[in-house]
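The following block contains the structure:
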């Protein structure tokens, strides 16, 4: 059985603990070691624990290393794991720069070890099902792709770690922010549905990024990605909404509309003249389980690192864009509710829907708190 080591067991890392334990129960793999600066919980009693991920990788002779660590640590830890003969499940975003992404691909190729990227939604059969429906003409010719996510993050979210809300940390690129980190799944899934996986599949990126919180990066964002085939992907991705809405990918066609609720693995087909969408649910495979199968019997990876090149082109555009514009506080409300204390940009949901529906940025639409407004 492959021996698994996990770096980062708290927060999102807990989902990897559960996935590894399920594989243990099925006698498919073994969680051999974990690493975290905070002590692991009682659910990890009996598992060898390290403070530093690098020490775990060097000592344990692991077959698979899961890296659920800050993004600026991804490349050095992934390179170390690959050089020690381990395959890697790497959380998103892959790396904070395109140059580091190229180094990651080179290390994977040189060592003959796989790197699977932690875009969970791309493990769903709903993504290829969307592409099949588009190819079959279910909505006529596709006119525009969209990614819509309006979420809430309270002020403590930006204080949870030294790198949170930072573009750099001690001179090292971090590139946190709505587009590149918490809502990176929306960008990656939208690109995948549009068939854009390689760097060269992205022709240009038009960014319109803002911040309401006192941070270095974007929290209220719109963008339009021009794809090499002539299509566009318009994204409205923000963390300053009054409530968390279910994120989705929308494909407008000449004869209908497709909506992928990508966290639910649900597709809705809306045909002209019908108010009742045709709804279908699709299974999803865990990315760790898929990587274990790849290691054991060569099963193809669901999200190989090379398939996220288009996403990295968007991330690099964000990194090179410079600081986001500050939203005038007169357009922002400070709200305290079940989510904690958080900032809400007024009418964000309305303008975000227009970004996706019309394929234009906040500024191009004239949102009152945008540069144009």
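In the numbering used here, the protein residues as written are -6 to 366.
In this text, a Cβ means the ideal position worked out from N, Cα and C, and glycines have one as well.
How is the alpha helix (DSSP H) around residue 125 delimited, first residue to last? Translated into positions along the chain shown, residue 125 becomes position 132. Note, residue 125: alpha helix (DSSP H), 119 to 128.
Take residue 38 as the anchor and find which of 108, 25, 5 has the nearest alpha-carbon. The sequence position of residue 38 within the chain shown is 45, counting from 1. Closest by alpha carbon: 25.
Are residue 77 and residue 100 close, meaning C-beta to C-beta below 8 Å? Here residue 77 is taken as the residue at index 84 of the chain shown, counted from 1. Here residue 100 is taken as the residue at index 107 of the chain shown, counted from 1. Contact: no.
Quick check for students: name the residue ranges of the beta strand (DSSP E) that lie wholly in the segment 59 to 117, counting only runs of 3 or more. 80 to 83, 108 to 110
With respect to the beta strand (DSSP E) encompassing residue 219, which residues constitute its N-terminal and C-terminal limits? Counted from its first residue, the chain shown places residue 219 at position 226. 213 to 220 is the span of the beta strand (DSSP E), which, as asked, contains residue 219.
Going by DSSP, which residues form a beta bridge with residue 263? Position 270 of the chain shown, counted from the start, is the residue given in the question as residue 263. Partner(s): 250.
If you measure between the beta carbons of residue 180 and residue 172, is that distance less than 8 Å? What you label residue 180 is simply residue 187 of the chain shown in a count that begins at 1. What you label residue 172 is simply residue 179 of the chain shown in a count that begins at 1. Cβ distance < 8 Å, so residue 180 and residue 172 count as in contact.
Does the count of Cβ pairs from the segment 153 to 170 and the segment 327 to 335 closer than 8 Å reach three? no
Which first and last residues belong to the alpha helix (DSSP H) in which residue 366 is found? Residue numbering aside, residue 366 sits at position 373 when the chain shown is read from its first letter. Where residue 366 is concerned, there is no enclosing alpha helix (DSSP H), given that its DSSP letter is neither H nor E.
Report the three-state DSSP secondary structure of residue 150 (helix, strand or coil). In the chain shown, counting from the first residue as 1, residue 150 sits at position 157. DSSP places residue 150 in helix when its eight states are reduced to three.
Cβ contact (3+ pairs, closer than 8 Å) linking the segment 319 to 329 and the segment 108 to 117: no
Are the Cβ atoms of residue 143 and residue 342 separated by less than 8 Å? As a working note, residue 143 is residue 150 in the chain shown. As a working note, residue 342 is residue 349 in the chain shown. Closer than 8 Å, so yes.
Residues that residue 335 bridges to, as DSSP identifies them: Within the chain shown, numbered from 1, the residue matching residue 335 stands at position 342. Answer is 328.
Which stretch, first to last residue, makes up the beta strand (DSSP E) that contains residue 49? If you number the chain shown from 1, residue 49 lands on position 56. Here residue 49 belongs to no beta strand (DSSP E); instead the alpha helix (DSSP H) covers 46 to 53.
Hey, quick one: how far does the alpha helix (DSSP H) through residue 356 stretch, first residue to last? Residue mapping note: residue 356 aligns to position 363 of the chain shown, counting from 1. Note, residue 356: alpha helix (DSSP H), 355 to 358.
Determine, using beta carbons only, whether residue 410 and residue 275 come nearer to each other than 8 Å. In the structure as shown, the chain begins at -6 and stops at 366. Residue 410 is therefore absent and cannot be evaluated.
Extract the residue ranges of the beta strand (DSSP E) inside the segment 149 to 215, only unbroken runs of 3 or more that lie entirely within it. 195 to 204
Checking the sheet assignment: what are the DSSP bridge partners for residue 26? Looking up residue 26 in the chain shown gives position 33. Bridge partners of residue 26: -2, 41.
Short check: CB of residue 23 to CB of residue 17, under 8 Å? What you label residue 23 is simply residue 30 of the chain shown in a count that begins at 1. What you label residue 17 is simply residue 24 of the chain shown in a count that begins at 1. In contact: residue 23 and residue 17 (Cβ atoms closer than 8 Å).
Measure the C-alpha to C-alpha separation of residue 340 and residue 41 and round it to an integer number of angstroms. Residue mapping note: residue 340 aligns to position 347 of the chain shown, counting from 1. Residue mapping note: residue 41 aligns to position 48 of the chain shown, counting from 1. Going by the C-alpha atoms only, they are around 50 Å apart.
Determine the closest residue to residue 316 out of 36, 195, 207, 193, with distance taken between C-alpha atoms. In the chain shown, residue 316 corresponds to position 323, counting from 1. For the residues 36, 195, 207, 193, the minimum Cα distance to residue 316 belongs to 207.
Do you know how far the Cα of residue 292 is from the Cα of residue 283? Here residue 283 corresponds to residue number 290 of the chain shown, with the count starting at 1. Here residue 292 corresponds to residue number 299 of the chain shown, with the count starting at 1. So the two alpha carbons sit approximately 7 Å from each other.
Return the CA-CA distance between residue 192 and residue 182, expressed in angstroms with no decimal places. Here the question's residue 192 lines up with position 199 in the chain shown. Here the question's residue 182 lines up with position 189 in the chain shown. So the alpha carbons of these two residues sit roughly 15 Å apart.
Look at the alpha carbon of residue 115 and the alpha carbon of residue 278, and state the distance between them as a whole number of angstroms. Sequence index remark: in the chain shown, residue 115 carries index 122 (1-based). Sequence index remark: in the chain shown, residue 278 carries index 285 (1-based). Their Cα atoms are separated by approximately 9 Å.
Which of helix, strand or coil DSSP assigns to residue 239: Against the chain shown, residue 239 aligns to sequence position 246. In the structure shown, residue 239 sits in coil (DSSP, three-state: anything other than H, G, I, E or B).
Who are the near neighbours of residue 272 in its chain, counting only those whose CB is closer than 6 Å to its CB and skipping five residues on each side? If you number the chain shown from 1, residue 272 lands on position 279. 261.
Would residue 131 and residue 222 be called neighbours here (beta carbons separated by less than 8 Å)? By 1-based counting over the chain shown, the position of residue 131 is 138. By 1-based counting over the chain shown, the position of residue 222 is 229. In this structure, residue 222 does not lie closer than 8 Å to residue 131 by Cβ.
With DSSP as the reference, label residue 317 as helix, strand or coil. Position 324 of the chain shown, counting from 1, holds the residue named residue 317. Correct three-state label for residue 317: coil.
Suppose contacts are defined by Cβ-Cβ distances below 8 Å. Is residue 225 in contact with residue 240 by that definition? In the chain shown, the residue the question calls residue 225 occupies position 232. In the chain shown, the residue the question calls residue 240 occupies position 247. Cβ atoms of residue 225 and residue 240: not closer than 8 Å.
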